[in-house]
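Protein chains in written order, with the working numbering: chain W, 1 to 647; chain C, 1 to 655. Only one structure is covered here, and it is reproduced in the block below.
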Amino acid sequence: MQDFPPEIRAYSARDAAAPDTRSPRHFLWWVVRLEGTLALVGVGIALVWMLPQVLGPWLVGHAIDDGIVAGDSGATLQWVLALLVVTVLGGLSGTVYHTVIVREWLVALYGTTKLVTRKTLQLGHVLPRRTPTGEVLSVAGSDSDQFGGFMEIVTRAFSELIAFLCVAAIVISISPTMGLLVLLSAPLLVLVGSPLLRPMQRWQGIERSRNSELTSMATDIVGGLRILRGIGGEDTFGGNYARQSQRVRQSGVSAGAWQAAVEGVGVLLSGGFVVALMWVGVREVVQARLSVGELVSVLGYGLFLIQPMRTFVEFAQKMTRSVVAARKAIAVLEQRPPWIEPVEAATLPVGAPITDDASGLVVRPGRLTMVVTGVPDDSAALADRLGRYLPEEQDAQVSLELPEEMKGRGARRERARRLIARAEQAVRDEERARRAWGVRVGDVDLAAVPLDEVRSRILVSDTKPHVFAGTLRSAIDPHRRLSREGAEAVLWAASAEDVFDAVPGGWAGELDERGRGLSGGQRQRLVLARALAADPEVLVLVEPTSAVDAHTEARIAERLGSAREGRTTVVMTASPLLLHHADEVVLLQDGLVTAHGTHADLLAGNAAYRSVVVRGEEAATVDRPEQDASPPEAHRTMTRPAPQEVL
Amino acid sequence: MSTTQMPLLPPDLVAESARTWDEADRRGPAVPEELVPPVSASLAERAAAMRRRHLLREQRAAEFVADTMNATKGLPIARPRQVVRFVGGLLGERRLWVVAVVLGNALAAVAGLLVPWWLGRLVDSTVADVEAGRTSAALATADSVALLVAGIVVLQALLTFGAKASAAVLGQGILASAREYVVRAILRLPLSRVESASSGDLVTRVTRDVGTMSESVRWALPQVIVAGTSVVATLAAMIANSLVLALPSLVLLAVSLVQVRRYMRRAPNGYLTEGGTYSRINTHLTETVEGARTVEALGVGAQRLRIGDDDIEVSAQAERYGMTLRNLLFLVMDLAFSLPRVLVLLVGAIGYTQGWASLGEITTAILYTEALWGPFDMLVHTADQVQVGVASTTRLLGIATVPPDRDEGTDEPAGARLVGSDLRYAYRPGHDVLHGIDLTLEPGERLAIVGPSGSGKSTLGRLLAGIHGPRTGAVTVGGVELTRLPLDQLRTEVALVTQEHHVFIGSVRDNIVLAREGSTDAEVESALRAVDAWHWVERLPEGLDSRIGSGAQDLTPGQAQQVALARLILADPHTIVLDEATSLIDPRTARHLEGSMNALLSERTVVAIAHRLHTAHDADRIAVVIDGRVAELGSHDELVALDGEYAALWRAWTT
């Protein structure tokens with residue numbers, strides 16, 4: 001029988017048992033099938049669990065009539081024993097029922113979370129490019145729980161339906177009049193009470209959304225706490241928080257008042273129902289159409305029957321919410337990788353030059369090439385091309401979450417528009433991924449090679465690399481390829497010795513998520529060490545030292561060349577300290593290669609290069625005249641065009 | 001990889017590397033093997049193994065809670081007693097509402113209990129009337145009792161509404177006060193604490209712990225009051241109906257209390273552990289999604305998959321622990337609450353034949369045993385919620401227990417000259433990172449600090465900005481120690497500007513005015529004009545009132561930086577310490593910002609901790625900090641002539 005956590009094989013190499021994402025209903029049905037026989041067992045055990053409620057009142061009635069009133073102690077004992085058996089059975093099955101329901105719930109929950117993880121890994125950089133992270137995470141974090149709740153309510157509603165039918169049969173057999181009264185009024189009562197649910201849910205929704213805004217405000221205050229404590233503003237933002245907190249309180253009180261109304265009306269209706277039953281029942285007893293025991297039975301059933309009705313209302317509500325959750329899950333899970341495996345997989349030649357058609361860049365194998373550009377976006381785009389990553393696109397991310405105030409037809413139209421935008425995006429990506437890529441190693445286009453091979457041979461360390469939580473060793477050498485000496489060597493080459501010191505526990509020391517706790521410069525050198533540790537045939541580094549101080553940058557510049565000796569390395573940078581050590585420097589203007597040579601040659605002979613690498617007069621950063629003391633030529637060489645720091 | 005240059009790592013690093021290398025590789029399975037059920041075993045062995053697993057999970061839960069709740073790093077944690085006093089105080093402020101909730105609910109419970117009582121009486125009178133053949137009397141009694149009970153039901157409904165609505169007012173009120181108190185405490189955290197600690201712990205507290213506290217305060221706390229009064233009232237009604245018939249419930253309830261107490265002692269650990277495992281799943285999945293490109297580039301998908309699946313395995317174990325705890329509880333409670341019905345019927349039958357129990361009393365007693373179950377079950381489940389809430393609240397109130405880091409004096413600085421003398425500082429006792437630095441800044445001077453990472457230059461910057469007090473020596477402005485200045489005054493003397501430029505959720509005005517609360521719109525506007533930002537603020541849909549920050553209007557990095565600079569213009573300190581202030585901005589933005597930056601820096605004393613040598617070159621003086629000491633100090637030309645560390649770096653930069 002299915003147990004938690006379930007095994008999920010979807011979206012892997014053998015893409016087996018993928019969920020059905022054709023529609024929310026298909027997806028929910030897939031969740032039910034994921035449970036396997038467990039779902040049926042759940043209904044069965046729920047029926048046993050409800051046995052005391054289904055048979056109890058009937059048995060009590062007989063005990064009163066046949067035993068107590070008739071004065072037959074043997075019969076009393078017999079009925080009491082029967083009640084005992086049913087009660088003990090029900091009581092014991094409670095734990096089994098609970099176990100089965102928890103299993104079903106967690107199979108759905110963990111199964112969904114696993115699906116999201118697998119989908120994320122299957123799509124790689126394509127997923128966060130299209131879908132806001134929050135939407136992906138909420139499928140794993142909250143929609144998954146919704147599916148757990150869906151399994152629970154389906155099991156309970158289904159078994160209570162059966163129980164309801166059984167009770168109906170029993171009540172009608174006792175007294176057709178009372179039976180009809182019970183069967184018709186129970187659903188009526190629930191229907192009368194349910195209109196109140198709507199405003200209650202609306203206020204609960206308002207409370208939830210205001211509360212999530214409040215939580216973002218608190219996170220915001222913590223995130224900017226250094227500024228609030230350093231520069232000021234405690235009163236302004238403390239006041240903003242307090243105001244929002246009061247808005248949450250008001251909506252919470254409104255939601256609470258509606259909930260109180262729902263409960264009050266519930267008391268009124270079920271109490272009124274019992275009074276009516278009693279009143280009719282006494283008349284039946286007086287007219288000898290009903291015995292006292294039967295009256296007690298019917299009263300007992302009257303109280304019980306409210307329960308299935310409430311369950312059915314709950315079922316309807318949760319179904320609606322589950323469909324919404326399923327729609328959100330589908331929006332993530334239905335996405336497919338844009339790549340297709342080439343029909344005849346070629347392989348990338350070793351030791352061949354790399355050519356980029358768009359810029360005219362030619363990277364010679366085994367050399368340290370540095371690319372200088374005045375526009376950082378151009379070098380980032382070049383790095384993406386070299387590594388076969390889909391280009392950065394404005395508005396590539398389409399959120400399917402609509403703003404709170406958007407309702408009704410406007411919301412539906414906006415949703416449809418965004419769905420279309422997403423679909424168009426997917427088509428664009430596929431077109432881009434499936435035609436010739438325009439970057440060749442030797443004469444093999446990257447599109448002619450399986451993506452896995454490209455990834456294993458060309459490593460692009462982009463501008464926003466992620467540092468994962470874990471031991472320092474796993475952060476630098478995730479594949480555990482290196483010897484200790486090798487790891488020490490990359491640490492040294494990236495001049496990251498202080499990172500080692502900053503993490504208590506050395507290699508076994510734990511890094512926080514995103515490398516929080518390390519400075520920007522330390523994180524950058526950790527990432528550099530990781531890239532060097534991977535030791536790929538072709539390594540592309542984008543601005544690898546932008547957050548590193550000059551002392552350290554100078555050291556890295558000296559060590560990088562020897563660390564990558566004989567391997568192909570491309571560095572996008574404008575730092576003279578690095579450029580000085582390049583085998584070849586390429587100047588990129590408006591996305592095109594306009595010059596190449598050594599740093600010294602270009603500096604001497606190319607005015608455009610000089611104006612990019614050297615800070616021009618027009619970009620003076622101080623409001624005072626340049627000092628005359630230093631020779632003008634040297635001065636221009638020493639300073640940079642695009643100052644990343646100003647005084 | 002080939003290394004033509006031999007790495008020259010410091011010997012203590014190599015020693016630490018050798019010591020920890022293998023240790024980092026030691027990792028067992030996500031859950032110990034003892035937690036995996038045996039494949040084939042006899043029933044007795046299975047039961048024994050199940051028990052062992054449960055105890056092991058219990059131990060793991062206790063360890064987890066000890067680990068996360070009493071973390072030595074991060075902020076302190078208050079004592080449960082303080083929580084009780086705190087919540088008691090909040091309840092005391094709302095005495096009337098507490099009375100309304102208790103009284104309203106007690107009356108509703110009593111009204112609810114009167115219904116079964118009258119039903120019982122009606123059964124008795126009907127039976128008596130029918131036996132005596134008084135048909136019309138029976139019907140008349142039925143009419144009047146029905147009318148009476150209907151009245152009671154209406155009353156009960158109204159009281160229920162009143163009690164629940166009051167409970168919502170009470171719970172929401174307490175919750176709002178509690179969270180506002182917590183945020184005020186955060187906004188009072190000492191400056192040195194804020195600057196040095198990572199914000200992770202605080203983020204967890206304002207999100208997860210406030211969430212847990214909300215659940216308990218908003219829902220569980222009123223519910224405990226409600227369920228508690230119902231249980232007491234029901235028991236009282238049972239005894240009033242018939243002491244003998246109440247006995248089965250009382251005895252079984254007492255027996256079940258043993259198990260309930262056992263459960264209550266363990267449940268909070270179980271829930272906290274479950275919650276903790278889910279945040280772990282979420283944290284790791286967040287990393288996988290946000291770092292999807294890095295995962296793809298490095299080919300570490302298999303590792304991420306394993307981490308995700310392991311997290312789920314660990315979470316499943318925590319869930320199994322909670323499930324077993326609840327199962328043990330349900331086993332006892334289900335029987336304790338359903339058996340009385342059978343026993344009441346049995347005892348009632350005996351009583352009826354012996355003449356000391358009527359049919360009505362039996363009916364009432366049976367209905368009461370059913371009525372007891374709901375509130376008692378609710379009481380048990382909300383009580384453990386309250387315990388979890390208390391645990392979270394200890395962490396929230398702990399924020400308020402951080403002692404202040406400075407002792408404010410009343411001396412007024414005479415002048416703007418900043419003097420640091422014999423500055424030493426240690427993050428860990430016995431490990432000074434600064435070794436007696438002396439430095440004097442003349443008003444209007446520009447000093448650049450350069451040095452390799454880890455040399456202590458950022459620490460020096462923080463001391464000069466009055467964030468931390470030095471271990472020895474002092475930083476004074478106009479003769480007064482920075483750490484003796486009230487925070488509001490310190491901000492007008494010297495400001496630290498770092499790489500962070502946070503845009504707060506709020507209006508543009510809020511974002512600027514924070515630097516000098518109470519500033520007029522004209523002052524805000526002129527600050528924005530000074531940094532060349534007024535033109536785009538003016539064009540925003542609602543001008544200064546436009547909402548910016550995460551989730552609202554997005555600012556470009558350049559605009560965000562301009563906002564940060566405008567704040568400083570408004571704060572107007574005479575000295576500014578720039579710690580790599582613009583190094584994370586892309587070069588184009590930096591160039592665009594130069595004008596704004598110049599507007600801020602003109603006429604002020606500036607200390608710039610510099611990454612880039614041109615920054616140093618342009619300064620009046622340069623301090624080269626190496627290993628916590630000022631190795632070289634002088635103008636660019638002096639240092640180049642000195643031919644030391646700075647000169648060597650300068651040559652590397654320029655050739």
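C-beta atoms are modelled at their ideal positions from N, C-alpha and C, and glycine is treated no differently. Values in this document were obtained by computation on a predicted structure and should not be read as measured data.
query                                                                                                                : result
Short Cβ contact (8 Å threshold) for C/Val503 with W/Val222                                                          : no
Under 8 Å (Cβ pairs) to chain C, residues found in the region 317-333 of chain W                                     : none
Contact under 8 Å by Cβ, C/Ala383 with C/Ala61                                                                       : no
Local conformation of C/His468 per DSSP, three classes                                                               : coil
Beta-carbon neighbours of C/Met323, restricted to chain W and to distances below 8 Å                                 : His98, Thr99, Val102
Bounding residues of the alpha helix (DSSP H) (the contiguous stretch that carries C/His381)                         : 359-398
8 Å Cβ cutoff met for C/Glu517 and W/Gly517                                                                          : no
Short CB-CB distance (under 8 Å) between C/Arg261 and chain W                                                        : no
Simplified DSSP assignment, three categories, for W/Gly616                                                           : Any reading at W/Gly616 must be qualified, since the residue scores a pLDDT of 37, below 50, and its modelled position is unreliable; no value is offered.
Cβ-based neighbour list, C/Arg19, same chain, cut-off 6 Å, excluding 5 preceding and 5 following                     : none
Partners in chain C for W/Pro478, counting only beta-carbon separations shorter than 9 Å                             : Leu298, Gly299, Val300, Gln303
contact_flag[the region 248-263 of chain C, the region 74-88 of chain W] where n(CB pairs < 8 Å) is 3 or more        : no
Contact set between W/Arg229 and chain C, taken where Cβ atoms lie within less than 7 Å                              : Leu189, Leu191, Val194
Backbone CA spacing between W/Ala18 and C/Ala111 [nearest angstrom]                                                  : 56 Å
Candidates C/Phe337, C/Leu187, C/Glu296: closest to C/Ala246 by CA position                                          : C/Phe337
Beta carbon proximity, C/Arg516 to chain W, threshold 8 Å                                                            : yes
Uninterrupted beta strand (DSSP E) stretches inside the region 235-263 of chain C (no shorter than 3 residues)       : none
Limits of the unbroken beta strand (DSSP E) element including C/Asp432                                               : 431-441
Proximal residues to W/Ile354 (C-beta, below 6 Å), its chain only, five neighbours per side dropped                  : Val363, Val441
Beta-carbon proximity list for W/Trp30, same chain, < 8 Å, skipping 5 on both sides                                  : Pro19, Asp20
Exposure label - W/Glu7; buried when at least 16 CB within 10 Å                                                      : exposed
Contact with chain C by W/Tyr659, beta-carbon distance below 8 Å                                                     : The question about residue 659 of chain W has no answer, for chain W in this structure spans 1 to 647.
CB of C/Leu514 within 8 Å of CB of W/Leu228, strictly                                                                : yes
Within-8 Å CB hit, W/Phe4 to chain C                                                                                 : yes
Residue closest to W/Thr133, alpha-carbon to alpha-carbon, out of C/His284, C/Val145, C/Leu235                       : C/His284
Nonlocal neighbours in the same chain, by C-beta distance under 8 Å from C/Ala44, ignoring five residues either side : none
Span of the alpha helix (DSSP H), counted from its first residue to its last, around C/Glu319                        : 301-354
C/Arg306 burial status per 10 Å Cβ neighbour count (16 or more: buried)                                              : exposed
Other residues of its chain near C/Ala652: CB distance less than 7 Å, five sequence neighbours each side excluded    : none
Proximity of C/Gln561 and C/Leu593 at Cβ, strictly below 8 Å                                                         : yes
Beta-carbon proximity check, C/Ala656 vs C/Ala527, cutoff 8 Å                                                        : Nothing about residue 656 of chain C can be read from this structure; chain C reaches only from 1 to 655.
Cβ neighbour criterion (16 or more within 10 Å) applied to C/Val475                                                  : buried
Contacts that W/Asp498 makes with chain C (C-beta to C-beta distance below 7 Å)                                      : Ser453, Gly454
Given 8 Å, three or more beta-carbon pairs between the region 407-416 of chain W and the region 326-335 of chain W   : no
Chain C contact for W/Trp492 (CB, 8 Å cutoff)                                                                        : yes
Cβ contact check for the region 171-186 of chain W and the region 273-293 of chain W: 3 or more pairs under 8 Å      : yes
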